[in-house]
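Data block below; observations after.
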Amino acid sequence: MQKATNFPWRSSVCFLLAIVPLLTTCRLNRAMTFDEIYPPPWKEKSNGDISNALTAHNVPCPQYRWRRHINFEQTGEVFVHCSTNGSNWNAYLVFIPTYKVIGPLMPDPSLPVSN
């Protein structure tokens with residue numbers, strides 16, 4: 104019978120097999136960025152449903168831009184930047200199916216105002 108050969112790489116492989124699932128889990132549990140939740144670009148074309156929802160909640164918003172939520176088909180959620188003067192902006196969440204409006208919210212200062 105032949106003596107078993109020592110494999111020096113075995114401990115490295117075992118370490119990798121143990122650590123890779125942990126690293127993957129950590130990456131999957133990180134918070135999503137705004138751009139991941141509401142993918143660009145900003146849409147500046149008026150949307151009747153958004154306008155109607157804002158009007159129904161007495162939100163004066165002659166100028167707005169918006170982005171769809173990544174699960175828009177299920178939630179109907181859009182993120183809306185709204186301005187009455189073109190320079191001061193508020194943020195709102197609008198749920199199109201129910202015309203629910205949440206806000207005003209402070210817009211994220213890291214967000215670009217244009218596309």
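Per this note's numbering, the sequence shown starts with residue 104, numbered consecutively.
Where is the CB? At the ideal position from N, CA and C, for every residue including glycine.
For Ala194, the uninterrupted beta strand (DSSP E) segment begins and ends at 192-198.
When the beta-carbon positions are compared, Val183 and Tyr167 come within less than 7 Å of each other. Here the stretch 133-145 does not lie against the stretch 187-194, with fewer than 3 beta-carbon pairs under 8 Å apart. Ranked by Cα distance from Thr158, the options Ile173, Leu208, Tyr202 are led by Tyr202. DSSP places Ser186 within a strand segment (E or B) once states are collapsed to three. Counting along the chain, Ile140 sits inside the alpha helix (DSSP H) bounded by residues 137-140.
With respect to Ile153, Val197 sits close: the two C-beta atoms are nearer than 7 Å.
Boundaries of the beta strand (DSSP E) harbouring Gly206: 203-208, taken from the DSSP string. For the pair Asn150 and Thr136, the Cα-to-Cα distance works out to about 25 Å.
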